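Single-structure report; data block below.
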Amino acid sequence: MHLLTKRQNIDTKLIREINSTAIPLILSTVTGTVMGMMDQAFVGHISVYAYGGVGLVASCINSLIGVLGAFSIVFNIRGSHRRGEGDQGSLNRLFGNFLLLSLMAGMALCLGFALFSRPVLELGFGLHGETLTEAENYLQIFSLTIPLNLLLFIYSSVFKIFRKTGIIFLVSLGANLLNILLDYVLIFGHLGLPEMGTRGAALGTVTALAVNLGFYAFLGKDYVRFSRKDLSLEKMKQIFQFSLPFLGQETMEDILFVVGLNGIVARLGVTELAAYNLIAQFTNLILMPMFGYTAANTSLVSEWAGKGDRKQADKAGRYTFGLLCIWFAVFYVILVLGREEFIRLISPDTEVITLAAACMPLALLIQLLNYYGNVWKSSLQSLGWQNWTLRTAFIINLLVLGFMGAAAWSKGKILWIYLIQGLGYLGLSLAYTWKKQRRNQNALPEDE
1 MHLLTKRQNI DTKLIREINS TAIPLILSTV TGTVMGMMDQ AFVGHISVYA YGGVGLVASC
61 INSLIGVLGA FSIVFNIRGS HRRGEGDQGS LNRLFGNFLL LSLMAGMALC LGFALFSRPV
121 LELGFGLHGE TLTEAENYLQ IFSLTIPLNL LLFIYSSVFK IFRKTGIIFL VSLGANLLNI
181 LLDYVLIFGH LGLPEMGTRG AALGTVTALA VNLGFYAFLG KDYVRFSRKD LSLEKMKQIF
241 QFSLPFLGQE TMEDILFVVG LNGIVARLGV TELAAYNLIA QFTNLILMPM FGYTAANTSL
301 VSEWAGKGDR KQADKAGRYT FGLLCIWFAV FYVILVLGRE EFIRLISPDT EVITLAAACM
361 PLALLIQLLN YYGNVWKSSL QSLGWQNWTL RTAFIINLLV LGFMGAAAWS KGKILWIYLI
421 QGLGYLGLSL AYTWKKQRRN QNALPEDE
């Protein structure tokens with residue numbers, strides 16, 4: 001793990017380039033998270049049925065959007081390659097086809113949820129009574145966020161490719177504020193409007209996203225344009241096939257692994273599950289810098305690869321991890337030293353507080369390995385090794401779940417869960433490092 005240690009060898013221009021791309025993305029994530037919590041607070045004041053139904057729908061839809069967001073990752077990689085090659089025409093064609101593919105996928109799912117919302121919620125999730133009614137009212141409108149978010153992701157990738165992530169932060173901040181205002185007005189019926197409850201919450205979110213998309217489209221035309229002749233079903237088919245490993249990895253890591261892990265932890269007991277879910281809130285906080293910096297690394301590595309400069313691409317990865325270490329140190333010290341006070345803000349239960357406080361130092365420390373693995377995973381994917389990273393992650397994550405299941409079956413402590421998870425992160429980090437070093441000896445990846 002190469003850190004930035006020799007001042008005279010530090011590339012300050014590269015640091016500025018990474019930070020200028022990553023920091024606005026982090027700020028956008030932070031503000032979006034805070035606004036989302038406020039949004040949930042509004043819904044919580046409707047009724048407990050509304051809170052439960054809306055929470056379930058939002059969680060499932062957002063997980064699905066996260067998986068399909070893999071299209072934007074692929075566009076970021078391939079678009080940055082084209083920019084590195086100086087091929088604006090090819091970049092424009094890519095943009096048009098990715099945009100149309102995302103729209104088609106999003107609208108198909110939106111239509112499916114709108115038509116079959118009740119069977120999905122009733123048979124798939126076992127909802128009934130008032131909770132089912134509130135969830136159905138919300139889902140019928142909220143399903144429109146699928147195509148809207150997928151289109152927003154593609155435009156976000158445009159701004160990442162051109163290092164204009166400040167646009168993402170400013171426009172997203174405005175849209176989030178609009179969302180809060182609309183939710184307050186529509187949910188509770190202010191300014192002469194009727195009280196709409198959960199439908200108002202969904203409508204406020206959809207309206208804010210539509211406004212966000214409008215601003216993105218207006219600002220994005222300065223960077224990419226396409227015409228109808230650029231669109232091709234054959235091209236979209238190729239894009240979809242190329243995206244499959246990314247879709248598979250997102251599904252495995254964000255849905256299957258998370259569901260499996262939650263099921264294993266639940267076997268340990270109610271207190272352990274509560275402590276795990278509580279610690280997850282702080283884990284999500286410490287991971288915020290990682291998502292911003294890996295997105296920046298993806299753009300930079302892809303662009304340098306397009307220019308044919310693998311040395312600079314590797315350098316971007318090393319610098320990205322070095323900068324992440326600084327962020328990690330700050331977050332880790334603050335969260336660990338004040339962990340008992342932070343935990344009490346969420347839970348008053350003495351047993352949960354004691355267990356969570358004991359586990360948090362290890363649970364957060366292993367995220368440094370997660371940082372490292374994700375940085376080099378993004379580098380390898382940017383250079384065409386997406387099939388290899390998918391296979392490797394699948395094998396290691398399967399082993400991790402197996403060992404965790406054995407620990408839970410033998411009534412092991414929750415600390416074992418974090419220790420095994422840390423070993424999984426270590427295994428991925430070593431595998432990605434080995435592949436990175438081996439890849440440097442080859443001109444082209446095996447996937448191309």
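End of the sequence shown sits at 448 in UniProt numbering; the numbers just go up one at a time, nothing left out. Don't be surprised by glycine CBs; every beta carbon is placed ideally from N, CA and C. Since the model is a prediction, treat every value here as computed from it, not as a measurement.
Along the chain, which unbroken stretches of the alpha helix (DSSP H) at least 4 residues long are found entirely within the segment 306–386?
310–337, 339–346, 350–365, 367–382
Find out if the Cβ-Cβ distance for the pair Phe42, Ile180 is shorter than 9 Å.
Their beta carbons are under 9 Å apart, which means Phe42 touches Ile180 by this criterion.
Which residue marks the beginning of the alpha helix (DSSP H) containing His81, and which one marks its end?
70–85
Could you compute how far the alpha carbon of Phe159 sits from the alpha carbon of Thr354?
C-alpha separation (whole angstroms): 44 Å.
Anticipated Cβ contact below 8 Å, Ile154 with Phe75, distance rounded:
Distance from Ile154 to Phe75 at the Cβ level is roughly 6 Å; contact confirmed, criterion being Cβ atoms closer than 8 Å.
Spatial neighbours of Asn374 within its chain, please: C-beta separation below 8 Å, excluding the five flanking residues on both sides.
Met290, Thr294
Taking the straight line between their C-alpha atoms, what separation do you get for Lys13 and Ser157?
22 Å
Would you mind stating whether Lys377 and Leu428 have Cβ atoms separated by less than 9 Å?
Yes, they are a contact pair.
Since I believe Asp183 is in contact with Ala201 (beta carbons under 8 Å), could you give me their beta-carbon distance rounded to a whole number of angstroms?
5 Å
Is Arg7 helix, strand or coil by DSSP?
Annotation note: pLDDT 49 at Arg7 (below 50); position unreliable, no value reported.
Would Tyr432 and Leu380 qualify as a contact pair, given that the criterion is a beta-carbon distance under 9 Å?
yes
Anticipated Cβ contact below 8 Å, Gly317 with Val301, distance rounded:
6 Å
Tell me which same chain residues have a C-beta within less than 8 Å of the C-beta of Leu335, skipping the five on either side of it?
Within the same chain, Phe282, Leu285, Ile286, Phe342, Met360, Leu364 come within 8 Å of Leu335 by CB-CB distance, once the 5 residues on both sides are set aside.
Work out the CA separation of Ala305 and Leu383 for me, nearest whole Å.
Distance between the alpha carbons of Leu383 and Ala305: 7 Å.
Endpoints, alpha helix (DSSP H) assigned at Arg199:
Counting along the chain, the unbroken alpha helix (DSSP H) around Arg199 starts and ends at 198–220.
Going by beta carbon distance, what residues of the same chain come within less than 6 Å of Met107, once the five residues before and after it are set aside?
A distance below 6 Å between beta-carbons, with the five flanking residues on each side excluded, links Met107 to the following residues of its chain, in chain order: Pro147.
Using C-beta distances below 8 Å, list every residue in its chain close to Ala275, excluding the 5 sequence neighbours before and after it, in chain order.
Val352, Leu355, Ala356, Cys359, Ile414
If you draw a straight line from the alpha carbon of Glu136 to that of Tyr49, how long is it in whole angstroms?
Answer to the nearest angstrom: the Cα atoms are 12 Å apart.
For Asn149, does the count of other Cβ atoms within 10 angstroms reach 16, so buried, or fall short, so exposed?
buried
Cβ of Thr320 within 8 Å of any heavy atom in the ligand COA?
Summarising the ligand content, the structure contains no ligands, and the ligand COA is consequently not present.
Contacting residues, own chain, Cβ-Cβ under 6 Å from Trp434 (five flanking each side not counted):
none
Check whether the segment 54–74 touches the segment 236–250, counting contact only when three or more Cβ pairs, one atom from each stretch, lie closer than 8 Å.
Contact between the segment 54–74 and the segment 236–250 is present: 3 or more CB-CB pairs across the two stretches fall below 8 Å.
Taking C-beta to C-beta, are Leu231 and Asn97 nearer than 9 Å?
yes
Residue closest to Lys307, alpha-carbon to alpha-carbon, out of Arg83, Cys60, Ile61
Arg83
If I measure Cβ to Cβ from Met252 and keep anything under 7 Å in the same chain, skipping five residues before and after, which residues do I get?
So the qualifying residues of the chain are Ala393, Phe394, Asn397.
For Phe218, which of Cys325, Asp349, Ile264, Ile167 has the nearest alpha-carbon?
Ile167
Measure the Cβ-Cβ separation of Glu134 and His128 and say whether it is below 9 Å.
no
Can you name the start and end residues of the alpha helix (DSSP H) that Ile154 belongs to?
145–161
Apart from the five residues just before and just after Thr332, which ones in its own chain have a Cβ nearer than 6 Å to its Cβ?
Looking at the sequence itself, residue 332 is Tyr, so the reference to Thr does not match. Taken in chain order, the residues that qualify are Leu364.
For Ala407, does the count of other Cβ atoms within 10 angstroms reach 16, so buried, or fall short, so exposed?
buried
Tell me the residue span of the alpha helix (DSSP H) that contains Met107.
88–115
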